[in-house]
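Participant: Residue numbers (my numbering): 1231 to 1855.
Note that CB positions come from ideal geometry on N, CA and C, so glycine has one too.
This is the structure, below, for whatever I ask next.
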């Protein structure tokens, strides 16, 4: 083998490429065979032959008699690994079930056994199988994706589920650690610009893709889709995003009020399967988003029909939204924003204790029908104890800080100016969010504060009495109090969706500079934000596992499957041949349990064996020209 330099041109630009070449004789004369394109190698020309020999030594498992340059050794190992992988990729795969294997004996030198190209395939096996199950090829082909774009799209979705990260990190993970491409049966060159362009294509078509995924999941799991759960969340940007129309300052649900935000609205059914999603500005008014989402649901064929029930929380349940729901012929269950009722409103209400599966204590309810609506006053002792504890700790800390400021007024070298003391108290109110529950009086002498007095006001006492209580309203008059309460509790399903997106699929933060990329980022798993497409597939995986008694979240599944891998084992035989075997290791008990629950093969891809004679190589090297 030897290395030669070639010059190629593309788009009126010339670039240098190095190639690893083998010479051999034929009846028609000497010929040269290209073994591998090395790209550009930045080493002196006098070391090219040394590198070629080192690559051949690795391939033939020969030990060099002389100490090698560390850089040459590193390059040789890298290029030899690529050559071996190329041979394996072109080799025939045998059945993946060991029981179907024919007997194949070799006498080997055990001192030459080595393993290389270890790639994880555990979570990738699940992801690639479910991408196929959800017929992604079908919908993307219908959307005129090219074969390469289709492969990149599946890589984006699979990587987001298996290893969420930036596009650059996705490229590194795919090329160095993961067997995802091997499982998908693609050999496309993965680089970040290609992934980004494909992400934008997915964004352009995300509505049709979502509809397709919703219909597929409905068919696979026979979903009833009687309930629509609707909620919003937001995520933050790194950077200022001053020129963005989407990113706006607002109250962050992740307590990152120092960063611009973008809002994601999501509808899911009662089983946790997503249906529709939409991106809004970070400072969008939550009540104003519902009409837009319902319009999309009404226009979408095959996802939801009329006469379904919308479940919303108090942040969206304004009267105007209740009217919109009615106009669009949906039912509703909502947390009432109404805080005061006429005297005697609950007089004829039916009282009952309801035992809910996720609560340790019974829920106390009062149920009454009035003006074509059913009202439910709920008192949860469990919720009351939790909220009282939170409120009590806030009050305790707030009062302690006020006492600290008051005590400091009588000490040297402390802030005493009246306006500065007001500022300090203002910051305390902002930090604890309960300043309106106290009457605070600052006594001053001239421009100095000399004493601080505070007492709980009526508002504070009312708030303490209301903890653990909430009111539900619905136009589903056919439901009793227990059924209404359970429908409201189903809102935790959409909260779990958001939690999974943020915790397991990397929805935050966003680093994109323009709005279109931001939306692609969220909808297509591009970079660090989960895509709705990925969550569609995840919902199906988790539902199937749960139905088989496995209640793992995605992070746990990843950890369990992290040791299941595919590896190339190489060794020298007694007939002077080199054997390379590409195979999948045997899954352990927990891995087997997960695969069986999902009805997947325990050892995907099969075994590939490539045997090369060392003598033949030596002869061909003797005939170099």
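Can you tell me which of 1810, 1816, 1814, 1843 puts its alpha carbon nearest to the alpha carbon of residue 1318?
Facilitator: Residue mapping note: residue 1318 aligns to position 88 of the chain shown, counting from 1. Checked all of 1810, 1816, 1814, 1843; the closest Cα to residue 1318 is 1810.
Participant: Could you tell me the boundaries of the beta strand (DSSP E) in which residue 1338 lies?
Facilitator: Counting from 1 along the chain shown, the entry for residue 1338 is found at position 108. That run of the beta strand (DSSP E) goes 1338-1350.
Participant: Rounded to whole angstroms, how far is the Cβ of residue 1682 from the Cβ of residue 1632, which I believe are closer than 8 Å?
Facilitator: Numbered from 1 along the chain shown, position 452 holds the residue referred to as residue 1682. Numbered from 1 along the chain shown, position 402 holds the residue referred to as residue 1632. At roughly 6 Å, the Cβ-Cβ gap stays under 8 Å, so residue 1682 and residue 1632 are in contact.
Participant: Alpha carbon to alpha carbon, how far is residue 1714 from residue 1604?
Facilitator: Numbered from its first residue, the chain shown carries residue 1714 at position 484. Numbered from its first residue, the chain shown carries residue 1604 at position 374. Each residue's Cα considered, the two are about 9 Å apart.
Participant: Tell me the rounded alpha-carbon separation between residue 1699 and residue 1718.
Facilitator: Position 469 of the chain shown, counting from 1, holds the residue named residue 1699. Position 488 of the chain shown, counting from 1, holds the residue named residue 1718. Those two C-alpha atoms are separated by around 14 Å.
Participant: Based on the DSSP output, what are the partners of residue 1831 in its beta bridges?
Facilitator: For the purposes of this step, residue 1831 is taken as residue 601 along the chain shown, with counting starting at 1. Answer by DSSP bridge pairing: none, since residue 1831 is not bridged.
Participant: Relative to the C-alpha of residue 1818, which residue among 1792, 1800, 1828, 1812 is closest?
Facilitator: Counting from one through the chain shown, the residue named residue 1818 turns up at place 588. The shortest Cα separation from residue 1818 among 1792, 1800, 1828, 1812 belongs to 1792.
Participant: What three-state label does DSSP hand residue 1576 in the structure shown?
Facilitator: As a first step, residue 1576 is located in the chain shown; it is residue number 346 there, counting from the start. Correct three-state label for residue 1576: coil.
Participant: With residue 1247 as the anchor, note down where its beta strand (DSSP E) starts and where it stops.
Facilitator: In the chain shown, residue 1247 corresponds to position 17, counting from 1. Residues 1243-1256.
Participant: Should residue 1272 go down as buried or exposed, given a rule of 16 or more other Cβ atoms within 10 Å for buried?
Facilitator: On the chain shown, residue 1272 is found 42 positions in, with the first residue counted as 1. The residue is exposed, with fewer than 16 neighbouring Cβ atoms inside 10 Å.
Participant: Would you list the one or two residues that DSSP bridges to residue 1562?
Facilitator: To locate residue 1562, count along the chain shown from 1; it is residue 332. Paired residue(s): 1540.
Participant: With which residues is residue 1395 paired in a DSSP beta bridge?
Facilitator: Mapped onto the chain shown, residue 1395 falls at position 165. Paired residue(s): none; residue 1395 is not in a bridge.
Participant: Tell me whether residue 1282 sits in a helix, a strand or coil according to DSSP, three-state version.
Facilitator: Here residue 1282 is taken as the residue at index 52 of the chain shown, counted from 1. Correct three-state label for residue 1282: helix.
Participant: With 16 other CB atoms within 10 Å as the buried threshold, where does residue 1241 fall?
Facilitator: Against the chain shown, residue 1241 aligns to sequence position 11. When all chains shown are included, residue 1241 counts as exposed.
Participant: Report the CB separation of residue 1457 from residue 1500 in whole angstroms; it is logged as a contact under 8 Å.
Facilitator: Reading the chain shown from its first residue, position 227 is the one you call residue 1457. Reading the chain shown from its first residue, position 270 is the one you call residue 1500. That pair is a contact at about 4 Å.
Participant: For residue 1506, count the other beta carbons within 10 Å of its own beta carbon; 16 or more makes it buried, fewer makes it exposed. Which is it?
Facilitator: Your numbering for residue 1506 matches position 276 in the chain shown. Counting Cβ neighbours within 10 Å, residue 1506 comes out buried, since at least 16 surround it.
Participant: Once the 5 residues before and after residue 1498 are set aside, which same chain residues still bring their CB inside 7 Å of it?
Facilitator: Numbered from 1 along the chain shown, position 268 holds the residue referred to as residue 1498. Cβ neighbours of residue 1498 beyond the five flanking positions: 1459, 1504, 1505, 1723, 1724, 1727.
Participant: CB-CB under 7 Å to residue 1428, same chain, minus the five flanking residues each way: which ones, in chain order?
Facilitator: Within the chain shown, numbered from 1, the residue matching residue 1428 stands at position 198. Excluding positions up to five away in sequence, the list reads 1379, 1382, 1383, 1386.
Participant: Quick check: the Cα distance between residue 1336 and residue 1803, rounded to an integer number of angstroms?
Facilitator: Position 106 of the chain shown, counted from the first residue, corresponds to residue 1336. Position 573 of the chain shown, counted from the first residue, corresponds to residue 1803. Distance between the alpha carbons of residue 1336 and residue 1803: 7 Å.
Participant: Determine the closest residue to residue 1348 out of 1239, 1707, 1794, 1361, with distance taken between C-alpha atoms.
Facilitator: The sequence position of residue 1348 within the chain shown is 118, counting from 1. Looking at the Cα atoms, 1794 is the closest of the given residues.
Participant: Which of the three DSSP states is assigned to residue 1685 in this structure?
Facilitator: Here residue 1685 corresponds to residue number 455 of the chain shown, with the count starting at 1. In this structure, residue 1685 counts as strand in the three-state DSSP scheme.
Participant: Could you have a look at residue 1333 and say whether DSSP puts it in helix, strand or coil?
Facilitator: On the chain shown, position 103 is the one that residue 1333 refers to. Of the three classes helix, strand and coil, the one that applies to residue 1333 here is coil, per DSSP.
Participant: Do the stretch 1813-1833 and the stretch 1777-1793 meet, that is, are 3 or more Cβ pairs less than 8 Å apart?
Facilitator: Yes, the stretch 1813-1833 touches the stretch 1777-1793.
Participant: Evaluate residue 1801 with the Cβ neighbour count: other Cβ atoms within 10 Å of its Cβ, from every protein chain shown; 16 or more gives buried, anything less gives exposed.
Facilitator: Counted from its first residue, the chain shown places residue 1801 at position 571. Under this definition residue 1801 is a buried residue.
Participant: Just the Cα atoms here: how many angstroms apart are residue 1376 and residue 1298?
Facilitator: Counting from one through the chain shown, the residue named residue 1376 turns up at place 146. Counting from one through the chain shown, the residue named residue 1298 turns up at place 68. Using only the alpha carbons, I get a separation of about 45 Å.
Participant: Whole angstroms are fine: how far does the CA of residue 1637 sit from the CA of residue 1647?
Facilitator: Here residue 1647 corresponds to residue number 417 of the chain shown, with the count starting at 1. Here residue 1637 corresponds to residue number 407 of the chain shown, with the count starting at 1. Distance between the alpha carbons of residue 1647 and residue 1637 is about 14 Å.
Participant: How big is the Cα-Cα spacing for residue 1799 and residue 1405?
Facilitator: As a working note, residue 1799 is residue 569 in the chain shown. As a working note, residue 1405 is residue 175 in the chain shown. Cα to Cα, residue 1799 sits roughly 19 Å from residue 1405.
Participant: For residue 1842 and residue 1361, I'd like the C-alpha separation in whole angstroms.
Facilitator: Here residue 1842 refers to the residue found at position 612 of the chain shown. Here residue 1361 refers to the residue found at position 131 of the chain shown. Whole-angstrom Cα-Cα distance: 36 Å.
Participant: Measuring only the C-alpha atoms, how far is residue 1582 from residue 1592?
Facilitator: Taking the chain shown and counting its residues from 1, one reaches residue 1582 at position 352. Taking the chain shown and counting its residues from 1, one reaches residue 1592 at position 362. Approximately 10 Å between the Cα atoms of the pair.
Participant: Determine which residues share a DSSP beta bridge with residue 1269 and list them.
Facilitator: Your numbering for residue 1269 matches position 39 in the chain shown. Per DSSP, 1248.
Participant: So, does the stretch 1684-1703 touch the stretch 1413-1431, judging by three or more C-beta pairs under 8 Å?
Facilitator: The stretch 1684-1703 vs the stretch 1413-1431: no contact.
Participant: Would you check if the stretch 1442-1456 and the stretch 1387-1404 touch, i.e. whether three or more CB-CB distances between them fall below 8 Å?
Facilitator: The answer is no - the stretch 1442-1456 does not touch the stretch 1387-1404, with fewer than three Cβ pairs under 8 Å.
Participant: Going by DSSP in three states, residue 1604 sits in which element: helix, strand or coil?
Facilitator: Counted from its first residue, the chain shown places residue 1604 at position 374. Residue 1604: strand per DSSP, three-state reduction.
Participant: So residue 1309 and residue 1373 are in contact, right, with Cβ under 8 Å, and what is the actual spacing, rounded?
Facilitator: On the chain shown, position 79 is the one that residue 1309 refers to. On the chain shown, position 143 is the one that residue 1373 refers to. The Cβ separation is near 38 Å, so there is no contact.
Participant: Can you say whether residue 1812 is buried or exposed, counting buried as having 16 or more other CB atoms within 10 angstroms of its CB?
Facilitator: By 1-based counting over the chain shown, the position of residue 1812 is 582. Per the 10 Å Cβ criterion, buried.
Participant: Can you give the Cα-Cα distance for residue 1748 and residue 1359, rounded to whole angstroms?
Facilitator: As a first step, residue 1748 is located in the chain shown; it is residue number 518 there, counting from the start. As a first step, residue 1359 is located in the chain shown; it is residue number 129 there, counting from the start. Its pLDDT being 46, under 50, residue 1748 is placed unreliably in this model, and the coordinates cannot settle the point.
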